[in-house]
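Everything below concerns the one structure shown next.
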Amino acid sequence: MTSVLIVDDDRQLLRALRVNLTARDYQVLLAPDGATGLALAGRHRPDLVIVDLGLPDMDGVEVVAGIRGWSSVPVIVLSARHTEQAKVNALDAGADDYVTKPFGIEELLARIRAALRRAVAGGNEPVVRTETLTIDLAAKRVERDGATVRLTPTEWHLLEVLVRHAGKLVTHRQLLREVWGPACETEVNYLRVYLAQLRGKLETDPAHPRHLVTEPGMGYRFEP
Numbered sequence: 001m002t003s004v005l006i007v008d009d010d011r012q013l014l015r016a017l018r019v020n021l022t023a024r025d026y027q028v029l030l031a032p033d034g035a036t037g038l039a040l041a042g043r044h045r046p047d048l049v050i051v052d053l054g055l056p057d058m059d060g061v062e063v064v065a066g067i068r069g070w071s072s073v074p075v076i077v078l079s080a081r082h083t084e085q086a087k088v089n090a091l092d093a094g095a096d097d098y099v100t101k102p103f104g105i106e107e108l109l110a111r112i113r114a115a116l117r118r119a120v121a122g123g124n125e126p127v128v129r130t131e132t133l134t135i136d137l138a139a140k141r142v143e144r145d146g147a148t149v150r151l152t153p154t155e156w157h158l159l160e161v162l163v164r165h166a167g168k169l170v171t172h173r174q175l176l177r178e179v180w181g182p183a184c185e186t187e188v189n190y191l192r193v194y195l196a197q198l199r200g201k202l203e204t205d206p207a208h209p210r211h212l213v214t215e216p217g218m219g220y221r222f223e224p
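Mapping of the sequence shown onto full-length UniProt numbering: residues 1 to 224, in sequence order.
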């Protein structure tokens with residue numbers, strides 16, 4: 001089920017959007033302010049985010065920028081601000097679309113469908129192969145010596161970030177931000193636990209990893 005996070009402090013609008021989206025088989029997450037929205041985005045990894053600019057605790061542009069700092073999820077801005085500069089600011093922060101209030105529900109639904117189509121169309125990802133591993137980024141599947149390896153969503157996300165930066169150092173902070181969200185940038189112990197789990201599943205000799213390499217004091221690197 002496609003999940004949509006809506007960040008808006010208008011309770012009546014939230015109820016209306018939840019009813020309309022749920023009726024069309026979307027899973028809906030609601031946040032009344034920016035901080036809650038950022039936390040939910042990091043925790044639940046929605047397929048699309050809708051953000052109002054006039055939030056009680058921060059400007060919606062900050063929410064867009066915060067999400068875009070670690071995720072490429074489609075973001076649609078809803079706002080009563082009609083000025084060109086407001087639109088430019090939101091789009092420059094990383095929004096994919098801008099809808100002004102008031103709006104028709106059918107228009108918003110069409111824009112949601114279009115944003116999701118673009119996300120899927122841009123999702124033709126490569127397959128990375130090593131002597132023992134096949135990592136299919138599009139299918140989100142890993143095989144070791146021809147057998148499928150079962151990864152948890154967090155293990156997969158961590159591996160995906162490293163594979164996308166193959167051969168390059170990915171810092172502790174970048175990994176934590178992308179996998180767990182901005183609120184967890186200092187929780188380095190998360191990385192130790194999950195890297196140990198990944199090595200146990202993917203490395204021939206987990207004690208002497210060939211592909212999931214530690215850069216002491218800095219981060220990790222995936223070596224094909």
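Where is the CB? At the ideal position from N, CA and C, for every residue including glycine.
- Exposure label - Arg177; buried when at least 16 CB within 10 Å: Residue 177 sits at position 177 when you count from the first residue of the sequence shown. With 16 or more other Cβ atoms within 10 Å, it is buried.
- Task: Identify, in the order they occur along the chain, each residue of the same chain with its Cβ nearer than 8 Å to the Cβ of Leu35, setting aside the five sequence neighbours on each side.
- Result: Numbered from 1 along the sequence shown, position 35 holds the residue referred to as residue 35. Contrary to the premise, residue 35 reads as Ala rather than Leu in this sequence. Excluding positions up to five away in sequence, the list reads Asp57, Met58.
- Query: Mind checking Asn189: buried by the 16 CB within 10 Å criterion, or exposed?
  - Reply: Stepping through the sequence shown from its first residue, residue 189 is reached at position 189. With fewer than 16 other Cβ atoms within 10 Å, it is exposed.
- Residue from Trp180, Thr100, Trp156 whose Cα sits closest to the Cα of Gln197: In the sequence shown, residue 197 corresponds to position 197, counting from 1. Measuring from the Cα of Gln197, the nearest candidate turns out to be Trp156.
- Item | contact_flag[the region 63 to 75, the region 93 to 112] where n(CB pairs < 8 Å) is 3 or more | These segments touch.
- In terms of alpha-carbon separation, which member of Phe222, Tyr26, Thr130 lies closest to Asp145? Residue numbering aside, residue 145 sits at position 145 when the sequence shown is read from its first letter. It is Thr130.
- Indicate the three-state DSSP secondary structure (helix, strand or coil) for Ala119 in the structure shown. By 1-based counting over the sequence shown, the position of residue 119 is 119. In this structure, Ala119 counts as helix in the three-state DSSP scheme.
- Message: Measuring only the C-alpha atoms, how far is Gly217 from Val88?
- Response: Against the sequence shown, residue 217 aligns to sequence position 217. Against the sequence shown, residue 88 aligns to sequence position 88. Cα-Cα distance, rounded: 39 Å.
- Determine contact between the region 73 to 90 and the region 42 to 57, defined as no fewer than three beta-carbon pairs at a distance below 8 Å. yes
- Compute the beta-carbon to beta-carbon distance between Leu5 and Gly54, rounded to the nearest angstrom, for a pair I have assumed lies under 8 Å. Residue numbering aside, residue 5 sits at position 5 when the sequence shown is read from its first letter. Residue numbering aside, residue 54 sits at position 54 when the sequence shown is read from its first letter. So it is not a contact: roughly 17 Å between Cβ atoms.
- Task: Identify which residue in Val28, Arg24, Leu175 has its Cα closest to the Cα of Leu14.
- Result: Against the sequence shown, residue 14 aligns to sequence position 14. Minimum Cα distance to Leu14 is reached at Val28.
- Item | Exposure label - Asp25; buried when at least 16 CB within 10 Å | On the sequence shown, residue 25 is found 25 positions in, with the first residue counted as 1. Burial call: exposed.
- Item | Assumed close pair Leu169, Gly219 - CB separation to whole angstroms, cut-off 8 Å | Taking the sequence shown and counting its residues from 1, the one referred to as residue 169 is at position 169. Taking the sequence shown and counting its residues from 1, the one referred to as residue 219 is at position 219. So it is a contact: roughly 5 Å between Cβ atoms.
- Message: Whole angstroms are fine: how far does the CA of Ala166 sit from the CA of Val213?
- Response: Within the sequence shown, residue 213 is the residue found at index 213, counting from 1. Within the sequence shown, residue 166 is the residue found at index 166, counting from 1. Those two C-alpha atoms are separated by around 11 Å.
- Query: How big is the Cα-Cα spacing for Thr154 and Ala41?
  - Reply: Looking up residue 154 in the sequence shown gives position 154. Looking up residue 41 in the sequence shown gives position 41. Approximately 14 Å, taken between the alpha carbons.
- Item | Local conformation of Val73 per DSSP, three classes | Residue 73 sits at position 73 when you count from the first residue of the sequence shown. Val73 falls in the coil class under three-state DSSP.
- Message: Assuming Gly104 and Val77 are in contact, meaning their beta carbons sit under 8 Å apart, how far apart are those beta carbons, in whole angstroms?
- Response: For this step, residue 104 is matched to residue 104 along the sequence shown. For this step, residue 77 is matched to residue 77 along the sequence shown. The Cβ separation is near 16 Å, so there is no contact.
- Task: Within its chain, find whatever has a CB closer than 7 Å to the CB of Leu30; leave out the 5 residues flanking it on each side and keep chain order.
- Result: Position 30 of the sequence shown, counting from 1, holds the residue named residue 30. Here the set comprises Ile6, Leu14, Arg18.
- Task: Determine the closest residue to Ala183 out of Arg43, Gln12, Ala16, with distance taken between C-alpha atoms.
- Result: Translated into positions along the sequence shown, residue 183 becomes position 183. Closest by alpha carbon: Arg43.
- Item | Whole-angstrom distance between Ala80 and Asp52, CA atom to CA atom | Working through the sequence shown from its first residue, we reach residue 52 at position 52. Working through the sequence shown from its first residue, we reach residue 80 at position 80. So the alpha carbons of these two residues sit roughly 9 Å apart.
- Is the CB-CB distance between Glu143 and Leu133 below 8 Å? As a working note, residue 143 is residue 143 in the sequence shown. As a working note, residue 133 is residue 133 in the sequence shown. Against a cut-off of 8 Å, the Cβ pair of Leu133 and Glu143 comes out as a contact.
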